[in-house]
Amino acid sequence: MEKDWICEIGLLIYPDCQLSAIYGLTDLFRIAGEWADSDNPRKVRVTHWRAEKDEEPMCVWDTHPNRAHHLDYVITPPSIVMPDKMQPMPQEAEWLRGQHKEGSRVCSICAGAYVLAESGLLQGRRVTTHWAFAKHLAQSYEDIEVADRNLVLDDGDVISAGGILAWTDLGLTLVERLFGRSTMLSTARFLVIQPPRATQLPFTEFIPDFDHGDEAILRVQHHIHADLTASLNLADLSDLAHLGKRTFIRRFSKATSLNPTEYIQQARVAKARGILELTNRPLDQVAWEVGYKDPSAFSKIFQRISGISASEYRHQFGV
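Using numbering that gives the first Met the number 0, read the sequence shown as starting at 0 and increasing by one per residue.
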């Protein structure tokens, strides 16, 4: 590779992948190269790879064609279909294993983590994906540690990003690696996008599971959501379920994937978010309306679950 090149980044086009991420990343890396130090011009070679029929992926587009390939990074973009509708990709999986064996660092965005998972390259690794897919990914591949709080997770030779538009965060993360922070910030300013964000917690949504088949726990869930301002103490909830405390906690956690305290906190913060998005009520009043008599306790729990303070959340998402 010529000395004015930094690396080659391969973008994998697989069935039903998000093409806007493919072309957006292509443009982002070109813009970053143009914003880099003009006294030391260096380029990123970007190539697009796609499998045809039963063949392994081949290069179908190249910023600098007719030269030998050496992929320093391979990126699997998001999918525009839900994970349970994604096709098996044995050719892509084998190709990814081969590229990684040759020294490529592998990257995924959103449901692109499933493509990497199929290759086996994520065994025993920490990876992030879209918050709505995290539970499904962890259940589908039990040897993967899914860290859904992170928006970008850099684990050395494996880099992952969560969220269908998190290709901007991953792209800027690589730009900072390749060109330095100054060029990354210049690229972000030019594209009018934020620098890589640390967490996707502000974007997550609490979606309670009511389809678990445990009638006693379902009765308690309905009771919780009917009046979040109630005390909702463990003794009363276990009595409502007609279960001992230990049995109640075990069955509640199995049915909802959260213990009762965590579930109540998630439900209360979800309601608080709705109030913050649509009203200008004082934070003390918001805390009271979702069941917290102590505003400081509410603030701490909101910050932990949402990743930002209640006032910051209102500023970012409010009307």
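The beta carbon of each residue, even a glycine, is placed where N, CA and C say it ideally should be. Please read all numbers here as calculations on a predicted model, not as lab measurements.
The shortest CA-to-CA distance from G32 to any of R245, S181, F297 and V114 is the one to S181.
For M183, the secondary structure class from DSSP, reduced to helix, strand or coil, is helix. Annotation: the continuous alpha helix (DSSP H) that includes H222 extends over E214 to A225. Secondary structure within the stretch 83 to 119: the beta strand (DSSP E) runs of 3 or more consecutive residues, fully enclosed, are 104 to 108 (chain order). Leaving aside the five residues that flank A160 on each side, the residues in its chain whose CB is nearer than 6 angstroms to its CB run, in chain order, I108, V151, D168 and L169.
Contact annotation: the stretch 52 to 65 touches the stretch 80 to 99, with at least three C-beta pairs closer than 8 angstroms. Nearest Cα to L190 within the set F28, I21 and Y13: F28.
At the C-beta level, C16 and D71 stay beyond 7 angstroms of one another. The stretch 187 to 201 makes no contact with the stretch 135 to 146: fewer than 3 CB pairs, one atom from each, lie closer than 8 angstroms. When secondary structure is reduced to three states using DSSP, L164 falls in the coil class, being assigned neither helix nor strand. In this structure, the alpha-carbon of T62 lies about 28 angstroms from that of R196. Annotated as proximal: V289 and L227, with beta-carbon spacing under 7 angstroms. Per DSSP, H47 is one residue of the beta strand (DSSP E) stretching across K42 to R49. V45 is the residue among T75, V45 and L200 whose C-alpha sits nearest the C-alpha of A67. Where Y312 is concerned, the enclosing alpha helix (DSSP H) starts and stops at A309 to F316. Per the Cβ contact rule, the stretch 213 to 221 is in contact with the stretch 238 to 247 (3 or more Cβ pairs under 8 angstroms).
Where W34 is concerned, the enclosing alpha helix (DSSP H) starts and stops at L18 to W34.
The stretch 114 to 122 makes no contact with the stretch 171 to 179, as fewer than three CB pairs between them are under 8 angstroms.
For S159, the beta-bridge partners assigned by DSSP are S107 and L152. The residue from D156, R148, G123 and N232 with its alpha-carbon nearest to that of D142 is G123. Residue pairing by DSSP places E7 opposite R44 in a beta bridge. Per DSSP, the continuous beta strand (DSSP E) segment holding I74 begins and ends at Y72 to T75.
Between the alpha carbons of H221 and Q98 lies a distance of about 51 angstroms. Within its own chain, the residues whose Cβ lies closer than 6 angstroms to the Cβ of I307, once the five positions on either side in sequence are excluded, are P201, listed in chain order. T198 is bridged by DSSP to N149.
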